[in-house]
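Q: Numbering (UniProt numbering), first residue to last: 1 to 702.
(1) What does the Cβ neighbour count give for residue 693, buried or exposed, with the cut at 16 atoms within 10 Å?
(2) From this set, 21, 458, 444, which residue's C-alpha is nearest residue 450's C-alpha?
(3) From 109, 572, 130, pick the residue whose C-alpha is nearest to that of residue 219; which is it?
(4) Bridge partners for residue 602 per DSSP, in chain order?
(5) Could you pull the DSSP bridge partners for residue 549 from this structure?
(6) Kindly confirm or deny that the region 579-591 and the region 607-615 touch, where touching means at least three C-beta pairs closer than 8 Å.
(7) Tell me, which residues are paired with residue 457 by DSSP?
(8) Less than 8 Å between the beta carbons of residue 482 and residue 656, yes or no?
(9) Cβ of residue 686 within 8 Å of Cβ of residue 439?
(10) Output yes or no for whether 8 Å exceeds the beta carbon distance between residue 54 and residue 119.
(11) Between residue 647 and the rest of its own chain, which residues show a CB-CB distance below 6 Å, the 5 nearest in sequence each way excluded?
(12) For residue 101, tell me which candidate among 603, 130, 77, 554 has the shortest Cα-Cα distance.
(13) Among residues of its own chain, excluding the 5 on either side of residue 507, which ones have a beta-carbon nearer than 7 Å to its beta-carbon?
(14) Anyone know if the C-beta pair for residue 465 and residue 527 falls short of 8 Å?
(15) With a threshold of 16 other CB atoms inside 10 Å of the CB of residue 209, please say whether the residue is buried or exposed.
(16) Short of 7 Å in beta carbon distance, which residues of its chain neighbour residue 88, apart from the five on each side in sequence? Order them along the chain.
(17) Given this structure, state the Cα-to-Cα distance separating residue 172 from residue 154, to the nearest angstrom.
(18) Do residue 104 and residue 57 have their C-beta atoms within less than 8 Å of each other?
(19) Between residue 138 and the rest of its own chain, which residues show a CB-CB distance below 8 Å, the 5 nearest in sequence each way excluded?
(20) By the 10 Å Cβ neighbour count, where 16 or more other Cβ atoms means buried, how is residue 50 classified, buried or exposed?
(21) Note down, one range per segment and in chain order, each beta strand (DSSP E) of at least 3 residues found wholly within the region 129-179.
(22) Given a cut-off of 8 Å, decide if residue 524 and residue 441 are closer than it, judged by their beta-carbon atoms.
(23) Exposed or buried, which one is residue 702 when buried takes at least 16 other CB atoms within 10 Å?
(24) Going straight from the alpha carbon of residue 709 to that of residue 467, what length do you get?
(25) Tell me whether the beta-carbon of residue 125 lies closer than 8 Å to the beta-carbon of residue 31.
(26) Please name the residue or residues paired with residue 575 in a DSSP beta bridge.
(27) Looking at residue 529 and residue 494, is the spacing between their C-beta atoms short of 8 Å?
(28) Kindly give me the distance between the Cβ atoms of residue 86 and residue 80, rounded to whole angstroms, as I take these residues to be in contact under 8 Å.
(29) May I have the straight-line CA-CA distance separating residue 92 from residue 245, to the nearest angstrom?
(30) Kindly indicate which three-state DSSP category residue 637 falls into: helix, strand or coil?
(31) Can the beta-carbon of residue 570 be found less than 8 Å from the beta-carbon of residue 544?
(32) Mark residue 168 as exposed unless 16 or more other C-beta atoms lie within 10 angstroms of its C-beta, in which case mark it buried.
(33) Compare the Cα-Cα distances from residue 721 to each of 97, 590, 152, 68 and report the closest residue.
(34) Using the three-state DSSP reduction, which class does residue 75 fall into: helix, strand or coil?
(35) Among the candidates 556, 221, 95, 615, whose CA atom is the shortest distance from the CA of residue 238?
(36) For the putative contact between residue 36 and residue 142, defined by C-beta atoms under 8 Å, what is the C-beta separation to the nearest angstrom?
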């Protein structure tokens, strides 16, 4: 390097621990036994916690299983005794009932996912995780060292408490010195092993919390997917219900059944109108048989009037016995009537046929004609026809808290909104009265490879996340359109089509599925990932720091200097926080000295520095990190890894906002919004947009 290495012999032997290693900072210099017991207790409770949360999900699986079994029992039960009574409503009923099988499949899938991806991994993490298993040998050794330290500490205190005056003063002083030396040796051995154990324990602790966080997030994602399918099923059934035509059912029923009573009435008259003559008129008998065998086909009042006219013209003759009962003719047509009834199936066919046969056995035919009041019959028929032709009048008033059916059909595309508004009147809650909104976050990551301060490779990627602050499907069926400004500066983009749909024919405009986004339960969802286009001639504007490591490697001594300074060409302005450097060093390192203070990892053979924040708006000033390593053999120069974070800024020029004129998919509401543009802007807006840039792989070599 051309300069004499910095003399660091005056530095303290025990280096302070930076705040980024909280376990070392808290427990390294603490009483061995107390510190060891405290860390051990935390690990024990961590395992217990994992088991307890796993038990919760296991019970959740059992509850879901009971629900599925209940649905299966429900699906096996017959609720409709006579399907013919459903009429044209049969399609709605079948769709509603078939929901059960679809819901059973969905919740069976949910059970398997919870068991395989949530409950199982949580339980295995606490029992068979390899990182936790690696701590066992260290715990055994540290338990032994902590006991030895306590014994030597007691021995030292015992010698120190004895009087140093008298004949045995020299012997006491000698024993005290020996006890102190043994105590210091025990402490050194304890700290060497204890620091490694603390580093591993902190890694395990971080990993298990991250695992717990990811597992529960995975559960919520699975649950959101499950209930999205439930929403789709409900929407399908709702569509079938809305399409059902009530007036059509009434007309269908009346067109099929409207003349049954009149036909029976005419038929009864013919059966009972008997004269004293002994033989049937041939033409009259033929017409009666024709009417009897085709009674179901009669549909208009004209058939009845024809028969009445015929009766007035010629009264049929029936042969009767001494008691007044009719004697059937030799060639009876009643069998044909029964077979015709069986062939022409209709609603309640079997019941009609049975009652008809029973009536035939009990009919008393007398030689007298039943008197008929023609005026009353005509008035009754006129009243029936008037009711059938009239259109039902819609009731103008509605109950408080309810909505009219026509309003529901025309203005609500969401199934939950229709069902709950129609069937469950409710008062608006506080959360529903607040303006709805979105939170957005744009995080970018810059990956840099440099040599001697010059950038050789660079890649800037980013992701856009959205969070919907009202996780209720019912009130958030509006579609929201967003605009990504400066979209053309992106090299690549990949939207999450489950939540974000590109607007047809428009660049940088996307429609948000707020219904699905609300199912995330208020958690942030990544809706787009992208890569920033970088001009090779201006790639330095994306690099906030110039970092150069300098090495001087000798057979038993290695010197390292890492110099860094602000890049004045960088687009970022403000503070660069959480700035740290990591450098691996090989060659069997023994003693380490550094300025500023760093943390040396014996296990990973690397040194770590956390330095102060850097103000990117200040004039460039070169700063240096120095370190010296006593080695068993010559080291090999290695690159330095850099980490940083810059909040509130982006390396790209993109921004995101809501397009006020987006169509919300609801005819009436859309018209209202178009008449009052400010109304839409007050309903949907970004409550917060956060930005940050962080380092990915920032590798600087000599």
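Positions of the beta carbon are idealized from the N, C-alpha and C atoms, including for glycine. Note that the structure is predicted; figures quoted are calculated from it, not measured.
A: The structure says:
(1) buried
(2) 458
(3) 109
(4) Answer by DSSP bridge pairing: none, since residue 602 is not bridged.
(5) 562
(6) yes
(7) 449
(8) yes
(9) yes
(10) yes
(11) 692
(12) 77
(13) 487
(14) yes
(15) exposed
(16) 248, 249, 252
(17) 15 Å
(18) no
(19) 193, 196, 197, 200
(20) buried
(21) none
(22) yes
(23) exposed
(24) With the chain running from 1 to 702 in the structure shown, residue 709 is simply not present.
(25) no
(26) 615
(27) yes
(28) 7 Å
(29) 11 Å
(30) coil
(31) yes
(32) exposed
(33) Since the displayed the chain opens at 1 and closes at 702, residue 721 lies outside it and no answer follows.
(34) helix
(35) 95
(36) 6 Å
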